[in-house]
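Contents: one structure, followed by commentary.
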Amino acid sequence: MTTPTPDPDHPARYWLMKSEPQECSIDDALAAPGATVPWTGVRNYQARNFMRDAMRVGDGVLFYHSSCPEPGIAGIARVASGTRPDPTQFDPASPYHDPKSPPGQPRWLLLDVQALRKTRLVGLAELRAHPALAGMRLLQRGNRLSITPVDEHEWREITSLLNRQP
Numbered sequence: 001m002t003t004p005t006p007d008p009d010h011p012a013r014y015w016l017m018k019s020e021p022q023e024c025s026i027d028d029a030l031a032a033p034g035a036t037v038p039w040t041g042v043r044n045y046q047a048r049n050f051m052r053d054a055m056r057v058g059d060g061v062l063f064y065h066s067s068c069p070e071p072g073i074a075g076i077a078r079v080a081s082g083t084r085p086d087p088t089q090f091d092p093a094s095p096y097h098d099p100k101s102p103p104g105q106p107r108w109l110l111l112d113v114q115a116l117r118k119t120r121l122v123g124l125a126e127l128r129a130h131p132a133l134a135g136m137r138l139l140q141r142g143n144r145l146s147i148t149p150v151d152e153h154e155w156r157e158i159t160s161l162l163n164r165q166p
């Protein structure tokens with residue numbers, strides 16, 4: 001497990017993390033003990049590597065609802081822990097079970113995410129309407145990663161947008 005405290009030598013980074021609201025919505029996260037949930041089920045190596053190599057306690061998170069009638073940013077959260085093995089990879093009853101992942105050398109990791117606040121839902125069409133966000137990975141054709149970096153300019157633009165009335 002990586003360090004559980006913010007690292008003063010590495011400034012905060014920002015991320016967009018997708019969750020299917022039927023599995024874990026921003027409301028579910030806010031209702032969890034400490035408003036903190038384990039981010040399980042990541043089964044893409046690039047997204048796993050972001051968690052393992054780049055995400056740090058205290059980093060900002062845009063909590064994104066995906067695979068639902070109205071996908072979009074639904075809240076603000078933060079990375080609340082370092083990584084540890086995702087137990088769902090070892091559970092044959094889990095949809096995230098990976099029989100090729102040995103317990104002694106787990107392939108898949110999780111980290112905890114603490115929900116800070118629910119926001120108004122900002123959908124893809126609204127995000128696309130802002131030229132300042134044109135380079136955002138979420139808005140690029142073919143991007144399906146469940147975790148993507150967000151640069152500081154995008155973070156500021158989106159958090160400002162979340163506070164505005166539609």
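Counting from 1, position 6 in the sequence shown corresponds to residue 6 in full-length UniProt numbering; the numbering is continuous, with no gaps.
We treat Cβ as the ideally placed atom computed from N, Cα and C, and that holds for glycine.
With 16 other Cβ atoms within 10 Å as the buried cut-off, status of residue i
i	result
residue 114	buried
residue 144	exposed
residue 75	buried
residue 100	exposed
residue 151	exposed
residue 25	buried
residue 65	buried
residue 48	buried
residue 67	exposed
residue 89	buried
residue 27	exposed
residue 13	buried
residue 141	exposed
Distance between residue j and residue i (C-alpha atoms, nearest Å)
i	j	result
residue 3	residue 21	In this prediction, residue 3 scores a pLDDT of 38, lower than 50, which makes its location untrustworthy; the coordinate-derived value is nonetheless stated afterwards. Each residue's alpha carbon lies about 29 Å from the other.
residue 165	residue 32	28 Å
residue 46	residue 18	14 Å
residue 42	residue 81	16 Å
residue 16	residue 34	21 Å
residue 153	residue 92	42 Å
residue 137	residue 147	10 Å
residue 128	residue 105	41 Å
residue 37	residue 110	10 Å
residue 117	residue 30	7 Å
residue 44	residue 86	13 Å
Cβ-heavy atom distance, residue i to the ligand GTP, below 7 Å
i	result
residue 162	The model depicted lacks the ligand GTP and carries no ligand whatsoever.
CB contact below 8 Å: residue i versus chain B
i	result
residue 137	The structure shown contains no chain B; it holds only a single protein chain.
Do the segment 154-162 and the segment 132-143 make contact, defined as three or more Cβ pairs closer than 8 Å?
-> Taking one beta carbon from each stretch, the segment 154-162 and the segment 132-143 have 3 or more pairs nearer than 8 Å; the two touch.
Every unbroken beta strand (DSSP E) inside the UniProt domain "EVE" (13-160) [3 residues or more] | Runs of the beta strand (DSSP E) inside the UniProt domain "EVE" (13-160): 14-19, 36-38, 60-65, 72-79, 112-123, 147-150.
Should the segment 45-56 be regarded as contacting the segment 116-126, the criterion being three or more beta carbon pairs within less than 8 Å?
-> Contact between the segment 45-56 and the segment 116-126 is not established, with fewer than three Cβ pairs separated by less than 8 Å.
So does the segment 86-99 actually touch the segment 60-67, counting three or more Cβ pairs closer than 8 Å?
-> These segments do not touch.
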